[in-house]
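Visitor:
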């Protein structure tokens, strides 16, 4: 389906955004879906194979154990607007690999893509196997109340709580992929040019509208000015103007206004706002906001308290890594952490002392693209996993099966109990 309809899917997603870079859609939506399905095809036979498990030979001599993966039934999927193709079809590939059927509810901001999927997907999957639904206002929570065998939600923490509460009425297990403030931590030993190139690429991909993007960056205080200068040169080379076709629009007017208001609030609180492109700070007609750095943002402002989800990068400074760890751990657990260092001791210190959903070392975001790694959050950034073998297991019932031997020693442990039973139990207990 994806290969047959590649260009039409790119066009539908761009129409939903107002403008979405075609190459970003190919890179972040089309390619991960196709590549992920290829990975599943090559791994699925091994995932499906019953797993042998050990048996206590003293009490069950000759018996055997297996764990057998079986389909759960019907899985519900609630899809966000930011990567609507990736975040619908990648989960579906694991849901189908595990033998399930699925119902998928698209976002109200993905109406063009939803209409296309609803129209064209039935030629590939029967309605009994897969159905897509548009969001027509208020449908989300009602969808969560259906008696699914599992429910996957990707989106905000606030909505995730409502989805989980609705699903609880049916004792429906949920996987929640939420968000948070994922930090990049640039250590003193790491080449700043490389760190800046990688951080700014991830930050401006999809105009920062990614749950695992770099939300803010920690830098040694002595390197802030150099980072700003490097970022300006890098961004101007990649996106010469705000109207560049490679630069994506903000999804809707509400999000556009929220980001501009957050910048105004930070500026009013004494922050230094650094626009990285020459020309206007934003284009209201196309809902594009120029890439922006924010220095010395007040700790209580929206940029520092909430997930940004836009092309705005606050810079924070530190003298010792312990300060960074203490600050991150004082807030909700992030969906990801991005340490930049060639010093393995520093990297391991950050991995060991900061809890997060995932980690990319010396880059950002790309742990999510590793098909053999589980993807998921922790605490307020989510619960459960998909991707990799864990994705197959999430949408399977791992059923334990015990095979008793033809002859069982347990017959000696049945009433009436006597001295022989006492001796056997003493042996088993180890007395």
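In this note's numbering, the protein residues as written are 127 to 557.
All C-beta atoms, glycine included, are put in the ideal place defined by N, C-alpha and C.
Pull up the CB-CB distance for residue 223 and residue 518, whole angstroms please, since I reckon it's below 8 angstroms.
Guide: Here residue 223 refers to the residue found at position 97 of the chain shown. Here residue 518 refers to the residue found at position 392 of the chain shown. Correct: roughly 6 angstroms between the Cβ atoms.
Visitor: Under the rule that 16 or more other beta-carbon atoms within 10 Å means buried, what is residue 172, buried or exposed?
Guide: In the chain shown, counting from the first residue as 1, residue 172 sits at position 46. Under this definition residue 172 is an exposed residue.
Visitor: So, with DSSP's three-state summary, where would you put residue 562?
Guide: The structure shown has nothing for residue 562, since the chain only spans 127 to 557.
Visitor: Could you tell me the alpha carbon to alpha carbon distance between residue 187 and residue 527, rounded to whole angstroms?
Guide: As a position in the chain shown, residue 187 is number 61, starting the count at 1. As a position in the chain shown, residue 527 is number 401, starting the count at 1. If you take the alpha carbons of residue 187 and residue 527, they lie about 16 angstroms apart.
Visitor: Cβ of residue 361 within 7 angstroms of Cβ of residue 297?
Guide: For the purposes of this step, residue 361 is taken as residue 235 along the chain shown, with counting starting at 1. For the purposes of this step, residue 297 is taken as residue 171 along the chain shown, with counting starting at 1. Cβ distance not < 7 angstroms, so residue 361 and residue 297 don't count as in contact.
Visitor: Who are the near neighbours of residue 300 in its chain, counting only those whose CB is closer than 8 angstroms to its CB and skipping five residues on each side?
Guide: In the chain shown, counting from the first residue as 1, residue 300 sits at position 174. Same-chain partners within the cutoff: 276, 277, 278, 279, 289, 290, 293, 509 and 510.
Visitor: What is the DSSP secondary structure of residue 307, reduced to helix, strand or coil?
Guide: In the chain shown, the residue the question calls residue 307 occupies position 181. Three-state DSSP puts residue 307 in coil, outside helix and strand.
Visitor: Tell me whether the beta-carbon of residue 524 lies closer than 7 angstroms to the beta-carbon of residue 193.
Guide: As a position in the chain shown, residue 524 is number 398, starting the count at 1. As a position in the chain shown, residue 193 is number 67, starting the count at 1. Against a cut-off of 7 angstroms, the Cβ pair of residue 193 and residue 524 comes out as a contact.
Visitor: Does DSSP put residue 351 in a helix, in a strand, or in coil?
Guide: Counted from its first residue, the chain shown places residue 351 at position 225. Helix at residue 351.
Visitor: Of all the alpha helix (DSSP H) runs that stay within the bounds of the segment 244 to 328, which reach a length of 4 or more residues?
Guide: 265 to 270 and 283 to 294, all fully within the segment 244 to 328.
Visitor: Out of curiosity, what's the CA-to-CA distance linking residue 274 and residue 229?
Guide: Residue numbering aside, residue 274 sits at position 148 when the chain shown is read from its first letter. Residue numbering aside, residue 229 sits at position 103 when the chain shown is read from its first letter. Distance between the alpha carbons of residue 274 and residue 229: 9 angstroms.
Visitor: So for residue 439, helix, strand or coil by DSSP?
Guide: Within the chain shown, the letter at position 313 stands for residue 439. DSSP places residue 439 in strand when its eight states are reduced to three.
Visitor: Just to confirm the assignment, what range does the alpha helix (DSSP H) spanning residue 382 have?
Guide: Here residue 382 refers to the residue found at position 256 when the chain shown is read from its first residue. Per DSSP, residue 382 belongs to the alpha helix (DSSP H) from 379 to 394.
Visitor: Under DSSP, the alpha helix (DSSP H) around residue 184 begins and ends at which residues?
Guide: What you label residue 184 is simply residue 58 of the chain shown in a count that begins at 1. Looking at the DSSP string, the run of the alpha helix (DSSP H) that includes residue 184 is 183 to 186.
Visitor: Use the C-beta contact count for residue 247: other C-beta atoms within 10 angstroms, 16 or more gives buried, fewer gives exposed.
Guide: The residue labelled residue 247 in the question sits at position 121 within the chain shown. Result: buried.
Visitor: Which runs of the beta strand (DSSP E) spanning at least 3 residues fall entirely within the segment 498 to 532, listed in chain order?
Guide: Runs found: 522 to 529.
Visitor: Using the DSSP secondary-structure output, state which residues sit across from residue 178 in a beta bridge.
Guide: Position 52 of the chain shown holds residue 178. According to DSSP, which records beta bridges pairwise, residue 178 is partnered with 192.
Visitor: Taking residue 211 and residue 239 to be in contact with their CB atoms under 8 angstroms, please state how far apart those CB atoms are, rounded to whole angstroms.
Guide: Here residue 211 corresponds to residue number 85 of the chain shown, with the count starting at 1. Here residue 239 corresponds to residue number 113 of the chain shown, with the count starting at 1. Their Cβ separation, rounded to whole angstroms, is 7 angstroms, which keeps residue 211 and residue 239 in contact under 8 angstroms.
Visitor: Helix, strand or coil for residue 340 per DSSP?
Guide: Reading the chain shown from its first residue, position 214 is the one you call residue 340. Residue 340 falls in the coil class under three-state DSSP.
Visitor: Thinking C-alpha only, which one of 138, 327, 183 and 144 is nearest residue 377?
Guide: Residue 377 sits at position 251 when you count from the first residue of the chain shown. Nearest option by C-alpha distance: 144.
Visitor: Determine the extent of the alpha helix (DSSP H) in which residue 220 is found, giving its start and end residues.
Guide: Looking up residue 220 in the chain shown gives position 94. Per DSSP, residue 220 belongs to the alpha helix (DSSP H) from 212 to 223.
Visitor: Give the secondary structure of residue 418 by DSSP, where H, G and I count as helix, E and B as strand, and everything else as coil.
Guide: Along the chain shown, one-based indexing puts residue 418 at 292. Looking at residue 418 - three-state DSSP - the assignment turns out to be strand.
Visitor: Nearest CA to the CA of residue 328: which residue from 137, 494, 156 and 128?
Guide: Counting from 1 along the chain shown, the entry for residue 328 is found at position 202. Out of 137, 494, 156 and 128, 494 has the C-alpha closest to the C-alpha of residue 328.
Visitor: For residue 445, I'd like the list of residues in its chain whose CB is within less than 8 angstroms of its CB, leaving aside the five on either flank, ordered along the chain.
Guide: Your numbering for residue 445 matches position 319 in the chain shown. Taken in chain order, the residues that qualify are 346 and 347.
Visitor: What did DSSP end up calling residue 227 once you bin it into helix, strand or coil?
Guide: For this step, residue 227 is matched to residue 101 along the chain shown. Residue state, collapsed to three classes: strand.
Visitor: Cβ of residue 514 within 7 angstroms of Cβ of residue 498?
Guide: The residue labelled residue 514 in the question sits at position 388 within the chain shown. The residue labelled residue 498 in the question sits at position 372 within the chain shown. In contact: residue 514 and residue 498 (Cβ atoms closer than 7 angstroms).
Visitor: Could you compute how far the alpha carbon of residue 373 sits from the alpha carbon of residue 147?
Guide: Residue mapping note: residue 373 aligns to position 247 of the chain shown, counting from 1. Residue mapping note: residue 147 aligns to position 21 of the chain shown, counting from 1. Answer to the nearest angstrom: the Cα atoms are 6 angstroms apart.
Visitor: Please return the same chain residues whose Cβ sits closer than 7 angstroms to the Cβ of residue 132, not counting the five positions on each side in sequence.
Guide: Within the chain shown, residue 132 is the residue found at index 6, counting from 1. Excluding sequence neighbours, residue 132 sits near 156.
Visitor: Measuring alpha carbon to alpha carbon, tell me which residue in 465, 496 and 318 is nearest residue 353.
Guide: Mapped onto the chain shown, residue 353 falls at position 227. Per the Cα distances, 318.
Visitor: Is DSSP giving residue 400 helix, strand or coil here?
Guide: Residue 400 sits at position 274 when you count from the first residue of the chain shown. The answer is strand: DSSP assigns residue 400 an E or B state.
Visitor: Return the chain-ordered list of same chain residues with a C-beta closer than 8 angstroms to the C-beta of residue 457, the five sequence neighbours on each side being excluded.
Guide: Your numbering for residue 457 matches position 331 in the chain shown. So the qualifying residues of the chain are 307.
Visitor: Going by C-alpha to C-alpha distance, which of 492, 447, 490 and 491 sits closest to residue 478?
Guide: What you label residue 478 is simply residue 352 of the chain shown in a count that begins at 1. Nearest C-alpha to residue 478: 447.
Visitor: Which residues mark the beginning and the end of the alpha helix (DSSP H) in which residue 451 is found?
Guide: Indexing the chain shown from 1 puts residue 451 at position 325. Segment 447 to 455, the alpha helix (DSSP H) holding residue 451.
Visitor: Sorted by chain position, which residues of the same chain lie with C-beta nearer than 7 angstroms to residue 428's C-beta, five sequence neighbours on each side aside?
Guide: As a working mapping, residue 428 is identified with position 302 in the chain shown. Result list for residue 428: 388 and 391, in chain order.
Visitor: For the candidate residues 185, 349, 404 and 338, whose alpha-carbon lies nearest to that of residue 370?
Guide: Numbered from its first residue, the chain shown carries residue 370 at position 244. Of the candidates 185, 349, 404 and 338, the one whose C-alpha sits nearest the C-alpha of residue 370 is 404.
Visitor: Buried or exposed for residue 180, going by 16 or more other Cβ atoms inside 10 Å?
Guide: Position 54 of the chain shown, counting from 1, holds the residue named residue 180. Under this definition residue 180 is an exposed residue.
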